[in-house]
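Going down the list, the sequences are from chains H and B.
First residue of the first sequence: 1, per this note's numbering; consecutive thereafter.
First residue of the second sequence: 1001, per this note's numbering; consecutive thereafter.
Backbone N, C-alpha and C fix where the C-beta goes; we use that ideal spot for every residue, glycine too.
Worksheet: the structure to be examined is printed underneath.
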Amino acid sequence: MSKNLLYKNTLFLLRWLPLVLVLFCILFYFLMRMQAHHMQEKQLLLKQQNIWNAFTKKMGAIETTIPGEYIINEGVSTDEKYLDEPRDTVIYFESLKKAIPFEALTGQFQWNGKVYNVTTFVSSTEINHLIIKVFITEAIILLLLLLTIVFLNRKSSRRLWQPFFATINKMDEYDVTKNTSLDIPKETGTIEFNRLNNELNKMIARVNNAYYNQKQFVENASHEIQTPLSIIRSKLELLINQPDLTKKSASLLGDITEANDRLSQMNKTLLLLAKIENNQFPDVENISLSQLLQDGIVSFQQHYEEKFPSLTLDIDENVSINANKVLIEILLSNLIKNAIEHNVPGGFISVKLKGRNLYVENTGAFLEGNPEELFERFKKSSYQSKTTGLGLALVKQVTLLYHYELSYQHDKGIHEVKIKFK
Amino acid sequence: MKLLVIEDESSLLNSIKDYFEQSDFLCEGVLTYKEAISRIEDFSYDCIILDINLPDGNGLKLLQYLRQCKKDDGVIIISARDSLDDKIIGLNHGADDYLVKPFHLSELNARLKALLRRKYTQGVTFLEAGSLKLNLASREATCNSHPIALTKNEFDLLLYLLNNKNKVVSKQAIAEHIYGDQSDNMPSFDFVYSQIKNLKRKLKEKGGDELIQSIYGLGYKLSI
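If you want it as structure tokens, here you go:
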């Protein structure tokens, strides 16, 4: 699952930084303990020296044992392995009724031909407390450091990626059909983003160019096709006026005429689509949608007469929009025509105009395939071979041009197209 | 009647010439702007059929030239450009009519007849052929002097057939003539069939039986 960059970055930091910090904490603890032991050793040695000096100076006339400080044993040879090696020990204090840990060091000295063992003690409690306190302080500082790193990282990430998000937003607004350039800065202050923007600008220029050429091609091709179509049509008219026309050849001519007319129709529609795409209908006027819709339906009723399906009308009065009249007529007539042509015997059509929402509902065959594709060029059910397959594409093109919302629903043989005008 | 057809596509030019020669027009054809200019300078025509996209010049210039010379030849533009602006520009340059390619020859014929009528029969608005008489101003028709009650579409249809009398007019041409651009939205020609049926019935009632014949389902012919 995809998460955003900031989240991932923070997650990464939070996953690895604490681990690293804990490892460093442990290392720090051991180093500190080593240092502390070293310091205690030095202390014990110094103490030993001082006590021995005092002992010899006073000719042995000092206290030989002070609990927790030192013990001087004469002639008693302690186990060799303890000599000059600091060791942990515990001393029981009668007054406190408590055993307290000490660090002890035993050294061997000779004086007046006698051997003395001097053992000095340093309390371990204080140093242990110190180690714990330093360790806790260290842990708190590292925790704060962790939070600060995460915070700073988030802040800097946001700032660093800002040109990237700006570019993405511009990309989002980009619409190839409008043939506009992508308005992103060449200089972002970051080399990588400069490169990104630069490459994007280049790519968009190529895309625009390709799109433009494609549109031009369709338009030019449609124009060029007009001439041969005209020739075929004129020759066909001359042929049907031949006096020696037979029934057989008439039927052939009929088929050719029909095919030629369909070709001519398709060509006209493709040209129209190209023109809408190229925005060659710039004239916008205030038009009465209610009126246009009613007129359109009436003219279709006249043409289809008895074949017109039963009709339910519910049209709000005085709904008007600002648009090109020709385009809106194309939109409405193609919608209605579609509802009639794809109807079933005994079916119905319902046209509703509620405010700026137009609903055209009709009975028809069950839909097979993707409803989205209905509005694509040349997408049609195979049984309707006599239509051009461009009617709904025209509808879509007009809605795209004016940013009308176009939606389609199909439910058990009832089709509904909804257009939300602006 | 003398016609000049200026069209760079020779095949289409021949079709137009053939079609009008069958209707007893005197028809000349040229393929280029240059030729057209020299013909216009030397002769006068009842009507010029002009393609404005010529390889060696713009047909609109030719039109301007014609009007500057105060020649009153009727002009029908035939063009592949179908936008309203193009039509307006053409008509503003002094054309009498504008027909978009691909067109039906019967449509061109009807437009030509209408143009010539406007030009030569000022004030006369009657069209007579055989037993039929059409009043173009009041849009009334009579057959054997009996008035026929016709709807708007039926009158247009009868007029169209009359303009193309003794010629087969295809049902596509009829559809396009009567419904104009809207016929694009009518993939079925049933409505032409039913209009013709009604018209035939009404003519029959007034003794105009067998005036309109169906030609193998391709189209219809008004024989006078």
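- Chain-order list of chain H residues neighbouring Asp1018(B): Leu238, by C-beta distance under 8 Å.
- When CB distances to chain B are screened at a threshold of 7 Å, the residues of the stretch 256-270 of chain H falling below it are Thr257, Asp261, Ser264, Gln265, Lys268, in chain order.
- A check of alpha carbon separations from Asn117(H) across Lys379(H), Phe151(H), Glu103(H), Ile71(H) identifies Ile71(H) as the nearest.
- Bridge pairing for Arg87(H): Ala104(H) [DSSP].
- DSSP places Pro1147(B) in the strand class (E or B) of the three-state scheme.
- Comparing alpha carbon positions, the residue from Thr1142(B), Ile1049(B), Phe1103(B) closest to Val1030(B) is Ile1049(B).
- Using a 10 angstroms sphere on the CB of Arg1201(B), the tally of other CB atoms stays under 16, which defines it as exposed.
- Judged by pairs of C-beta atoms under 8 Å, the stretch 263-283 of chain H touches the stretch 213-228 of chain H, as three or more such pairs exist.
- Residues of the same chain with a CB within less than 6 Å of the CB of Thr65(H), apart from the 5 flanking positions on each side, are Ile71 in chain order.
- Listed in chain order, the positions of the stretch 304-317 of chain H with a beta carbon within less than 8 Å of a beta carbon of chain B are Tyr304, Glu305, Lys307.
- Between Ile91(H) and Gly68(H), the C-beta gap is smaller than 8 Å, which places the two residues in contact.
- Restricting attention to Ser407(H), Asp295(H), Leu252(H), Ala205(H), the CA atom closest to the CA of Asp175(H) is found in Ala205(H).
- Using a Cβ-Cβ cut-off of 8 Å, Ser1214(B) does not count as an interface residue toward chain H, since no Cβ of chain H sits closer than that to its own.
- If the five residues before and after Ser288(H) are omitted, its C-beta is found closer than 8 Å to the C-beta atoms of Asn318, Val319, Ser320, all from its own chain and listed in chain order.
- When C-beta atoms of the stretch 1005-1017 of chain B are compared with those of the stretch 390-397 of chain H, fewer than three pairs fall below 8 Å, so the two segments do not count as touching.
- Under the 8 Å Cβ criterion, the stretch 1167-1182 of chain B counts as touching the stretch 236-255 of chain H, having at least three qualifying pairs.
- At a cut-off of 8 Å, the C-beta of Leu229(H) has a neighbouring C-beta in chain B.
- Take Val122(H), set aside five residues on each side of it, and the residues of its chain with a beta-carbon closer than 6 Å to its own are Gln40, Gln43, Leu44, Glu103, in chain order.
- What Leu253(H) touches in chain B, judged by beta-carbon distance under 7 Å, is Leu1218, going in chain order.
- Rounded to whole angstroms, Gln280(H) and Ala166(H) show a C-alpha spacing of 32 Å.
- Within the same chain, no residue comes within 6 Å of Lys1071(B) by CB-CB distance, once the 5 residues on both sides are set aside.
- Counting every other CB atom within 10 Å of its CB across the protein chains shown gives Gln216(H) a total below 16, marking it as exposed.
- Here Gly1207(B) is exposed, its C-beta having fewer than 16 other C-beta atoms within 10 Å.
- Under the three-state reduction of DSSP, Lys412(H) is assigned to coil, being neither helix nor strand.
- Within chain H, no C-beta atom comes nearer than 8 Å to that of Ala1110(B); the closest sits roughly 13 Å away.
- By the CB criterion at 8 Å, Gln1172(B) and His1104(B) fall inside the cutoff.
- The three-state secondary structure of Gly1059(B), taken from DSSP, is helix.
- At a cut-off of 8 Å between beta carbons, His342(H) makes no contact with chain B.
- Exclusion of the five residues before and after Leu17(H) leaves Leu146, Ile149, Val150 as the residues of its chain whose Cβ lies within less than 8 Å of its Cβ.
- Residue state for Val1168(B) is assigned as strand, using DSSP reduced to three classes.
- Annotation for Leu19(H): the continuous alpha helix (DSSP H) segment containing it runs 5-57.
- When rounded, the separation of the alpha-carbon atoms in Ala259(H) and Lys422(H) is 39 Å.
- Boundaries of the alpha helix (DSSP H) harbouring Ala1110(B): 1105-1120, taken from the DSSP string.
- Secondary structure of Leu392(H) (DSSP, three-state): helix.
- Exclusion of the five residues before and after Lys1119(B) leaves Gly1074 as the residues of its chain whose Cβ lies within less than 6 Å of its Cβ.
- Any Cβ of chain B closer than 8 Å to the Cβ of Gln216(H) would place that residue at the interface, and such an atom is absent.
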